[in-house]
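Numbering (the working numbering), first residue to last: 32 to 159. Quick reminder that beta carbons are idealized off the backbone N, C-alpha and C, glycines included. Computed from a prediction, not measured in an experiment: that's the story for all the values here.
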């Protein structure tokens, strides 16, 4: 290992480098309209390479120390959301005029809680 320079920044030997997931997820060089809520951009697997050197999707880390359960985790998350969307009708609570998806300053949580009412589409005994 030796000192190196990347993009005009000198990085001394033995330095620890931390990546900002927030910054990577909102990089306009990688994403079109990075500040817009567009979850559908991740549905096209051609746009989401979990080993992408551009680090567009780094939720499970990267490299040889990346999460070994990456495929299981992404598959289970997609199945969970699919089952919730398929099994329930989602509505705003009475008296709620609008839903805001505005994020808190840190960007990892909504500024206001998202509270919805889930109504089962089938009889309750069919969900057991």
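Legend entry - Straight-line Cα distance separating residue 102 from residue 74: Counted from its first residue, the chain shown places residue 74 at position 43. Counted from its first residue, the chain shown places residue 102 at position 71. C-alpha separation (whole angstroms): 15 Å.
Inset, instruction - May I have the straight-line CA-CA distance separating residue 148 from residue 116, to the nearest angstrom? - result: On the chain shown, position 117 is the one that residue 148 refers to. On the chain shown, position 85 is the one that residue 116 refers to. Near 12 Å, if we compare the C-alpha coordinates of residue 116 and residue 148.
Inset, instruction - Would you identify the three-state DSSP class for residue 36, choosing helix, strand or coil? - result: Taking the first residue of the chain shown as 1, we reach residue 36 at position 5. Three-state DSSP puts residue 36 in a strand.
Inset, instruction - Name the two residues that bound the continuous alpha helix (DSSP H) containing residue 149. - result: On the chain shown, position 118 is the one that residue 149 refers to. That residue, residue 149, is in no alpha helix (DSSP H); its beta strand (DSSP E) goes 147-151.
Legend entry - For residue 49, the three-state DSSP class (helix, strand or coil): The residue labelled residue 49 in the question sits at position 18 within the chain shown. Residue state, collapsed to three classes: coil.
Legend entry - Boundaries (first-last residue) of the beta strand (DSSP E) holding residue 122: Walking along the chain shown from the start, residue 122 turns up at place 91. First-last of the beta strand (DSSP E) with residue 122: 119-123.
Inset, instruction - Specify the secondary structure class of residue 66 as computed by DSSP and reduced to three states. - result: For the purposes of this step, residue 66 is taken as the residue at position 35 of the chain shown. Coil.
Legend entry - Rounded C-alpha distance that separates residue 144 from residue 48: Residue mapping note: residue 144 aligns to position 113 of the chain shown, counting from 1. Residue mapping note: residue 48 aligns to position 17 of the chain shown, counting from 1. Each residue's Cα considered, the two are about 33 Å apart.
Legend entry - residue 61 in three-state terms, based on DSSP: By one-based count along the chain shown, residue 61 stands at place 30. In the structure shown, residue 61 sits in coil (DSSP, three-state: anything other than H, G, I, E or B).
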